[in-house]
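There are 2 protein chains.
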Amino acid sequence: MSRRSGILEFAVLGLLRESPMHGYELRKRLNTSLGVFRAFSYGTLYPCLKTLVASGWLIEESGGASEEALAAPLSGRRAKIVYRLTAEGKEHFEDLLSQTGPDAYEDEHFAARFAFFGQTSRDVRMRVLEGRRSRLEERLEKMSASLARTRERLDDYTLELQRHGMESVEREVRWLNELIESERAGRDQQRSAPDSSAQHDSTSGESGGLPRRRETNPPPDPSDDTAK
Amino acid sequence: MSRRSGILEFAVLGLLRESPMHGYELRKRLNTSLGVFRAFSYGTLYPCLKTLVASGWLIEESGGASEEALAAPLSGRRAKIVYRLTAEGKEHFEDLLSQTGPDAYEDEHFAARFAFFGQTSRDVRMRVLEGRRSRLEERLEKMSASLARTRERLDDYTLELQRHGMESVEREVRWLNELIESERAGRDQQRSAPDSSAQHDSTSGESGGLPRRRETNPPPDPSDDTAK
DNA sequence: TTCGTCATGTAATGGGTTACATGATTAC
DNA sequence: GTAATCATGTAACCCATTACATGACGAA
Chain A
11 MSRRSGILEF AVLGLLRESP MHGYELRKRL NTSLGVFRAF SYGTLYPCLK
61 TLVASGWLIE ESGGASEEAL AAPLSGRRAK IVYRLTAEGK EHFEDLLSQT
111 GPDAYEDEHF AARFAFFGQT SRDVRMRVLE GRRSRLEERL EKMSASLART
161 RERLDDYTLE LQRHGMESVE REVRWLNELI ESERAGRDQQ RSAPDSSAQH
211 DSTSGESGGL PRRRETNPPP DPSDDTAK
Chain B
11 MSRRSGILEF AVLGLLRESP MHGYELRKRL NTSLGVFRAF SYGTLYPCLK
61 TLVASGWLIE ESGGASEEAL AAPLSGRRAK IVYRLTAEGK EHFEDLLSQT
111 GPDAYEDEHF AARFAFFGQT SRDVRMRVLE GRRSRLEERL EKMSASLART
161 RERLDDYTLE LQRHGMESVE REVRWLNELI ESERAGRDQQ RSAPDSSAQH
211 DSTSGESGGL PRRRETNPPP DPSDDTAK
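Chains A and B are the protein sequences, given in the same order. First residue of the first sequence? That's 11 in the numbering used here, and the numbers climb one at a time after it. First residue of the second sequence? That's 11 in the numbering used here, and the numbers climb one at a time after it.
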């Protein structure tokens with residue numbers, strides 16, 4: 011019983027929605043696609059997959075479409091287990107996507123939500139972005155309040171740490187502002203379009219949400235070659 | 011047996027080194043002084059304090075210096091328990107401060123280390139800052155490598171998330187650069203001073219490490235009063 | 001007198017990692 | 001043939017949270 015990670019479950023469902031995969035690959039995608047943040051281990055992932063199967067959200071399929079599966083059916087041969095989202099799983103994920111409770115604004119949860127914005131309807135995207143922003147603004151208030159209360163007693167390094175922390179949060183707020191603005195722009199731009207009725211069947215996220223920003227290319231960075 | 015949180019233990023020792031405190035207060039300081047990051051709960055803190063006492067790093071003292079302690083010695087009266095660092099505890103903390111193993115460069119561990127830079131010798135500060143920086147540079151490399159590998163397959167939002175993540179890391183690297191630079195400046199500036207021999211007895215961190223940056227003052231921010 | 005905050009604790013539970021065990025497949 | 005990497009799993013532990021239980025103290 012139990013073993014419900016929330017964020018892991020969500021991410022697994024989201025990735026499998028795009029295409030079936032086996033555990034090993036899933037884990038890698040988890041650590042890059044959502045990445046930066048979480049690095050789930052197999053000890054977490056595999057048990058989680060099992061409970062998802064038990065819940066009926068996933069089914070296990072043996073490796074290559076049909077040939078290999080029959081080539082070595084019974085004996086020791088350990089097969090790759092490919093997980094595929096069931097219809098119920100799809101529905102469940104859709105449910106999760108539409109939930110905008112306060113949890114969704116926490117750091118890691120938010121990142122996971124954002125990673126699947128491509129499959130999220132615009133109004134939900136808006137709610138999540140705005141919720142996150144006000145969550146951060148709250149945090150900011152608390153921080154500067156406690157800073158005001160204690161500033162005298164703190165040494166320079168502690169102060170600097172605090173300052174840098176607040177600046178990081180402020181920076182994320184600015185980022186969210188940009189995102190929200192361009193979501194709004196996208197919405198307004200579509201306001202005069204034929205119709206939409208778009209509520210679910212949200213396989214496509216109604217596109218059009220991101221600020222123009224080509225040249226993400228990491229500048230080749232010559233000099234400095236600490237590569238191991 | 012067990013119950014060694016590393017970072018919590020470290021932070022508790024560090025705070026108590028500055029002055030004795032009881033658990034409740036300790037917790038608040040933990041969430042502000044180091045704050046922003048961690049918010050330890052009592053369920054974590056109190057058991058930890060016990061093991062620290064058991065290890066001999068701390069001793070428990072009953073509340074007000076002597077009067078109160080005698081005023082209600084036996085019956086139900088629940089006394090504040092003030093924790094004070096023992097000589098061994100002090101020594102132990104000094105040990106921890108001087109350790110610069112790879113753990114010290116991880117996010118939260120690093121923050122805890124930084125929070126006590128005021129009690130850390132300059133050379134250790136340098137090692138920690140530089141270690142942290144190269145840790146982040148590694149991370150940056152991995153991120154852009156995996157980005158290069160997968161960029162085509164990712165949708166715009168995932169990409170944007172990745173980009174923002176990398177930018178955050180880059181920003182911290184720049185911050186570290188500033189800090190390292192001003193540590194170096196402080197060191198050079200002192201190069202011609204009488205002597206120092208300063209190795210430990212590091213109650214004062216040899217000062218002089220931070221970039222000039224007055225006006226941290228959060229601008230009073232009139233308008234907006236969402237305070238609860 | 002009741003409410004908020006100070007103050008200390010414990011048991012159950014959660015969510016995750018590490019280390020280990022096993023074995024197939026590929027590249028050299 | 002042997003090393004790296006792919007691939008799946010389990011058991012033991014770790015760190016921390018939640019919810020609960022208890023109670024004092026001050027202010028409205």
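Note that beta-carbon positions come from the ideal geometry of N, C-alpha and C, so glycine has one too. Note that the coordinates shown come from a computational prediction; the quantities given were computed from them, not determined experimentally.
Name the one or two DSSP bridge partners that Tyr-93/A has. Assignment of beta-bridge partners to Tyr-93/A by DSSP yields Met-31/A and Glu-70/A.
Pick helix, strand or coil for Leu-84/A, following the three-state DSSP scheme. Because the pLDDT at Leu-84/A is just 39, under 50, the model does not fix this residue reliably, and the value given afterwards should be weighed accordingly. The answer is coil: DSSP assigns Leu-84/A none of H, G, I, E or B.
Please state whether DSSP places Pro-228/A in a helix, a strand or coil. Per-residue confidence for Pro-228/A stands at a pLDDT of 48, beneath the threshold of 50, marking its modelled position as unreliable; the derived number appears in the next sentence. Coil.
Can you look up Ser-272/B in the DSSP assignment and give me helix, strand or coil? Residue 272/B is absent from the structure shown; chain B starts at 11 and stops at 238.
Does any C-beta atom of chain A lie closer than 8 Å to the C-beta of Thr-61/B? So no, Thr-61/B is outside the interface.
For Leu-220/B, name the three-state secondary structure that DSSP assigns. Leu-220/B: coil per DSSP, three-state reduction.
When the distance is taken between beta carbons, is Ile-17/B closer than 8 Å to Glu-101/B? Contact: no.
To which residues of the same chain is Arg-39/A closer than 6 Å at the C-beta, ignoring the five residues directly before and after it? Excluding sequence positions up to five before and after Arg-39/A, its CB lies within less than 6 Å of the CB of Leu-25, all in the same chain and listed in chain order.
Residue from Phe-20/A, Ser-65/A and Glu-70/A with nearest C-alpha to Gly-33/A: Of Phe-20/A, Ser-65/A and Glu-70/A, the residue nearest in Cα terms is Glu-70/A.
Nearest to Gln-172/A by CA position, among Gly-111/A, Val-183/A and Thr-160/A, is which residue? The shortest CA-to-CA distance from Gln-172/A to any of Gly-111/A, Val-183/A and Thr-160/A is the one to Thr-160/A.
Cut-off 8 Å between Cβ atoms - residues of its own chain near Val-183/A, not counting five sequence neighbours on either side: The residues are Arg-143, Leu-146, Glu-147 and Leu-150.
What does Phe-127/A reach in chain B if we use C-beta pairs closer than 7 Å? Identification of chain B residues near Phe-127/A by a Cβ-Cβ cut-off of 7 Å yields Tyr-167, ordered along the chain.
Counting only C-beta atoms, is Thr-54/A closer than 8 Å to chain B at any point? No - not a single Cβ of chain B is within 8 Å of the one on Thr-54/A.
Identify each residue in the segment 107 to 135 of chain B for which the Cβ-Cβ distance to at least one residue of chain A is less than 7 Å, and report them in chain order. Residues passing the 7 Å Cβ filter: Ala-121, Phe-124, Ala-125, Phe-127 and Gly-128.
Ser-29/A versus chain B: which residues are under 7 Å apart at the beta carbon? Close to Ser-29/A, with beta-carbon spacing below 7 Å, lies no residue of chain B; the smallest spacing is near 10 Å.
Checking contacts by CB at 8 Å: is His-174/B closer than that to chain A? Cβ-Cβ to chain A under 8 Å: yes for His-174/B.
Cutting at 8 Å between CB atoms, please list the residues of its own chain near Thr-96/A, excluding the five before and the five after it. Closer than 8 Å at the Cβ level, and outside the excluded window around Thr-96/A, lie Gly-66, Trp-67, Leu-68 and Ile-69.
When we look at the beta-carbon of Gly-111/A and count the other beta-carbons within 10 Å, is it buried (16 or more) or exposed? Exposed is the label assigned to Gly-111/A, since fewer than 16 other Cβ atoms lie within 10 Å of its Cβ.
C-beta contact flag for Leu-157/A and Phe-20/A at 8 Å: Their beta carbons are not under 8 Å apart, which means Leu-157/A does not touch Phe-20/A by this criterion.
When the cut-off is 8 Å and only beta carbons count, does Glu-170/B lie next to chain A? The beta carbon of Glu-170/B falls within 8 Å of a beta carbon belonging to chain A, placing the residue at that interface.
Considering only residues of the same chain and omitting the five flanking positions on each side of Ser-15/A, which have a CB-CB separation below 8 Å? Contacts found: Thr-54 and Cys-58.
Would you mind sorting Ala-121/A into buried or exposed? The rule is 16 or more other CB atoms within 10 Å of its CB. Of the other Cβ atoms in all chains shown, 16 or more fall within 10 Å of the Cβ of Ala-121/A; this residue is therefore buried.
Please tell me whether Arg-197/A and Arg-132/A are closer than 8 Å, where the distance is taken between their beta carbons. The answer is yes: Cβ separation under 8 Å.
Please determine, among Thr-61/A, Tyr-52/A and Glu-140/A, the residue with the shortest C-alpha to C-alpha distance to Leu-259/A. The question about residue 259/A has no answer, for chain A in this structure spans 11 to 238.
Any C-beta of chain B sitting closer than 8 Å to the C-beta of Leu-164/A? It does; some Cβ of chain B falls within 8 Å.
Starting from Ser-250/B, follow the alpha helix (DSSP H) in both directions and report where the run begins and ends. This structure leaves residue 250/B out entirely; chain B is present only between 11 and 238.
Taking 8 Å as the CB-CB cut-off, is Thr-96/A touching chain B? No, because no Cβ of chain B sits closer than 8 Å to the Cβ of Thr-96/A.
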